[in-house]
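Undergrad: Sharing a structure with you now.
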Amino acid sequence: MCGSGHNCYSSASTVIKIGYIRHCVPQTDAVVLDEWGGELTTDSIDLPNPGPGEALVDVRACGVTRTIENAIQGGLSDDPAFTPRVPGHEFAGVVEAVGPGVDSVEPGDRVLCYFYLTCGTCDACRRGDTAQCADFGGWLGVHRDGAYAERTVVPASNLLPLPDEASFEMGAIAADGLATPLHVCNRTAVDDTDTVLVVGAGGRVGVHLSQLAARRGARVLAADVDEDRLAHVDAATPESVTPVDARDDDFTGTLRELSEGAGPSVVVDTVGDLDTLSDAWEALAMGGQVVSLTTHHDRTFDPPMKEFVVKEASFLGSRYATKDEVVRAARLLADGRISPVVTDRVSLDEVPALHERIRRGDHHGMAILEP
Ligand SMILES: [Zn+2]
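The letter at position 84 of the sequence shown is residue 84 when you use UniProt numbering, and the numbering goes up by one with no holes.
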């Protein structure tokens, strides 16, 4: 024993036999996924020293979200070679140590994390469109271990500065829950002339997007499908945001009514429900834009091509956010321009049960893991 409570291999005979001194491997508590679509368990795992280009981070806050549930179910990769895996990418913390060649961060730095594993050198990375990296290396928490852990080792290039005024919780929200909405608003140039329909407004992306679009001056219709979720949206957004029940028999008519007859000019779908999307498409304003954030493999939305022409409509996919937008999202929260919405705070032990609730659709808002 080395004094840290687990077995290690530092006896003299072992050293002689294998020819080198094998130090006691540090451990960290983590939530581990055994296989894609499989079980989550809390366990103590080996924590590697940070290698070249890597940093060890003390995780202070990590989102527990539907995006991560999708990854757990194999929605981003189902290659068995990548399991067992520690999921989790929406996190903030403090750098504890850095590996060789790292000068972008140093021990003690407060950081938040970028989700995608990018090359940093392709045309897209150099011009700042990091989500479009041509040499994409996958996702943190899928292709390498993430932050459902007390401590984690990640590429230092994924770590971004957390503003002094931002809490770790704000960093966890900014990392995806607000960075993704910021990317959508930038892509669609949302402003005071717009009526923005947010489909799935009760989720963490939906509720922060509703706030952000309202702050940009847009009229916001925040749609969701049950009383609890609509009440949550109402409580977590400014008065100018109108909660709308997407189960309404005349959803299309309601959308027109709430937008002075014109219909929404920007529709952001965070859910992938085809009935709701069809109603929204029918109500879409002339020149309107529909933005998809859903990654369901089995959903196809195929309005007749003529309808694109007649309405001069655009259909856009929006892919996460740039590194710059992640930092800007943290600043929006740090100075109070956007209010962080947190519904639950959980420990590592509580993460598996929370994912079961997310899987059942029995959870809304934003849960934060405090390892
Ligand atoms: Zn790249």
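Quick reminder that beta carbons are idealized off the backbone N, C-alpha and C, glycines included. Please read all numbers here as calculations on a predicted model, not as lab measurements.
If you drop the 5 nearest sequence neighbours on each side, which residues of the same chain put their C-beta closer than 6 Å to that of Ser314?
TA: Here the set comprises Gln289.
Undergrad: For the beta strand (DSSP E) holding Ser314, just list the boundary residues, first then last.
TA: Taken as a continuous stretch (DSSP letters only), the beta strand (DSSP E) holding Ser314 covers Ser314 to Gly317.
Undergrad: Give every residue of the same chain whose Cβ lies closer than 6 Å to the Cβ of Asp135, excluding the five residues on either side of it in the sequence, and list them in chain order.
TA: For Asp135, where only same-chain residues beyond five positions count, the Cβ hits under 6 Å are Cys119 and Cys122.
Undergrad: Could you tell me if the beta carbon of Thr118 falls within a distance shorter than 6 Å of some heavy atom in ligand 1?
TA: Correct: Thr118 has its Cβ closer than 6 Å to ligand 1.
Undergrad: In chain order, what residues of the same chain have a beta carbon less than 6 Å from the beta carbon of Ser259, not counting five sequence neighbours either side?
TA: If we look at Ser259 and ignore the five residues flanking it on each side, its Cβ neighbours are Thr195.
Undergrad: Kindly provide the ranges of any beta strand (DSSP E) runs that are 3 or more residues long and lie completely inside the region 226–252, ordered along the chain.
TA: DSSP runs (the beta strand (DSSP E)) wholly in the region 226–252: 241–245.
Undergrad: Counting along the chain, where does the alpha helix (DSSP H) carrying Glu282 start and finish?
TA: Note, Glu282: alpha helix (DSSP H), Leu274 to Ala283.
Undergrad: Apart from the five residues just before and just after Arg219, which ones in its own chain have a Cβ nearer than 6 Å to its Cβ?
TA: For Arg219, where only same-chain residues beyond five positions count, the Cβ hits under 6 Å are Thr195.
Undergrad: Is it a yes or a no for the region 164–182 touching the region 232–249, going by three-plus beta-carbon pairs under 8 Å?
TA: No, because fewer than three Cβ pairs between the region 164–182 and the region 232–249 fall closer than 8 Å, the two stretches do not touch.
Undergrad: Is there at least one non-hydrogen atom of ligand 2 closer than 6 Å to the beta-carbon of Asp324?
TA: Summarising the ligand content, the structure contains ligand 1 and does not contain ligand 2.
Undergrad: Of the choices Glu35, Arg247 and Arg215, whose alpha-carbon is the least far from that of Leu230?
TA: When only C-alpha atoms are compared, the closest one is Arg247.
Undergrad: Which same chain residues, not among the five before or five after Asp344, have their C-beta less than 6 Å away from its C-beta?
TA: So the list reads Ala367, once near-sequence residues are dropped.
Undergrad: Out of curiosity, what's the CA-to-CA distance linking residue 374 and Asp79?
TA: With the chain running from 1 to 371 in the structure shown, residue 374 is simply not present.
Undergrad: Closest to Ala149 by CA distance: which of Asn158, His89 and Thr188 is it?
TA: Taking only the C-alpha atoms, the option nearest Ala149 is His89.
Undergrad: Can you list, in chain order, the stretches of the alpha helix (DSSP H) that have 4 or more residues and sit fully within the region 188–233?
TA: Listed in chain order, the complete alpha helix (DSSP H) runs (minimum 4 residues) inside the region 188–233 are 204–215.
Undergrad: Which full runs of the alpha helix (DSSP H) of 4+ residues lie inside the region 89–131, going along the chain?
TA: Taking only runs of at least 4 residues, the alpha helix (DSSP H) segments lying wholly in the region 89–131 are 123–127.
Undergrad: Which stretch, first to last residue, makes up the beta strand (DSSP E) that contains Thr42?
TA: Start and end: Leu40 to Asp46.
Undergrad: Is Thr270 helix, strand or coil by DSSP?
TA: Residue state, collapsed to three classes: coil.
Undergrad: Beta carbon of Asp129: closer than 6 Å to some heavy atom of ligand 1?
TA: No; taking the cut-off as 6 Å, the Cβ of Asp129 has no heavy atom of ligand 1 nearer than that.
Undergrad: Going residue by residue through the region 130–187, where are the continuous beta strand (DSSP E) segments of at least 3 residues, counting only ones entirely within it?
TA: Segments of the beta strand (DSSP E) lying fully in the region 130–187: 151–155 and 159–161.
Undergrad: Residues in its own chain within less than 7 Å of Cys125 by CB, not counting five upstream and five downstream?
TA: Taken in chain order, the residues that qualify are Thr118, Cys119 and Cys133.
Undergrad: Could you say which of Arg66, Asp129, Ala55 and Thr152 lies nearest to Glu106 if we only look at CA atoms?
TA: Of the listed residues, the one whose Cα sits closest to Glu106 is Ala55.
Undergrad: Any idea which residues DSSP pairs Gly30 with across the strands?
TA: What sits at residue 30 in the sequence shown is Ala, not Gly. For Ala30, which the question treats as bridged, DSSP gives the partners Asp43 and Ala149.
Undergrad: In the DSSP assignment, find the unbroken beta strand (DSSP E) run with Asp324 in it and report its ends.
TA: Not the beta strand (DSSP E): Asp324 falls in the alpha helix (DSSP H), residues Lys323 to Ala334.
Undergrad: Can you tell me the Cβ-Cβ gap for Trp36 and Thr83, rounded? I've got them flagged as a contact below 8 Å.
TA: Sure, about 6 Å apart at Cβ, within 8 Å.
Undergrad: Can you find at least 3 beta carbon pairs, one from the region 171–180 and one from the region 306–322, that sit closer than 8 Å?
TA: Judged by Cβ distances under 8 Å, the region 171–180 makes contact with the region 306–322, as three or more pairs qualify.
Undergrad: State the Cα-Cα distance for the pair Thr188 and Glu325, rounded to the nearest angstrom.
TA: Taking the straight line from one Cα to the other gives about 15 Å.
Undergrad: Would you say the beta carbon of Cys122 is closer than 6 Å to some non-hydrogen atom of ligand 1?
TA: Within the cutoff, so yes.
Undergrad: Helix or strand or just coil, what does DSSP make of Leu76?
TA: Three-state result, Leu76: coil.
Undergrad: Looking at Val199: is its Cβ nearer than 7 Å to the Cβ of Asp109?
TA: Not in contact: Val199 and Asp109 (Cβ atoms no closer than 7 Å).
Undergrad: At a cut-off of 6 Å, is Ala185 close to ligand 1 when judged by its beta-carbon and the heavy atoms of the ligand?
TA: As written in the sequence, residue 185 is Cys, which differs from the Ala given in the question. Result no, Cβ not under 6 Å from ligand 1.
Undergrad: What residue from Pro26, Ala334, Gly93 and Cys62 has the CA that sits closest to Ile45's CA?
TA: Of the listed residues, the one whose Cα sits closest to Ile45 is Pro26.
Undergrad: Report the rounded CA-to-CA distance for Gly99 versus Asp192, giving the unit in angstroms.
TA: Taking the straight line from one Cα to the other gives about 47 Å.
Undergrad: Give the secondary structure of Leu369 by DSSP, where H, G and I count as helix, E and B as strand, and everything else as coil.
TA: Reduced to three states, the DSSP call for Leu369 is strand.
Undergrad: Based on the DSSP output, what are the partners of Asp344 in its beta bridges?
TA: According to DSSP, Asp344 bridges with Ala367.
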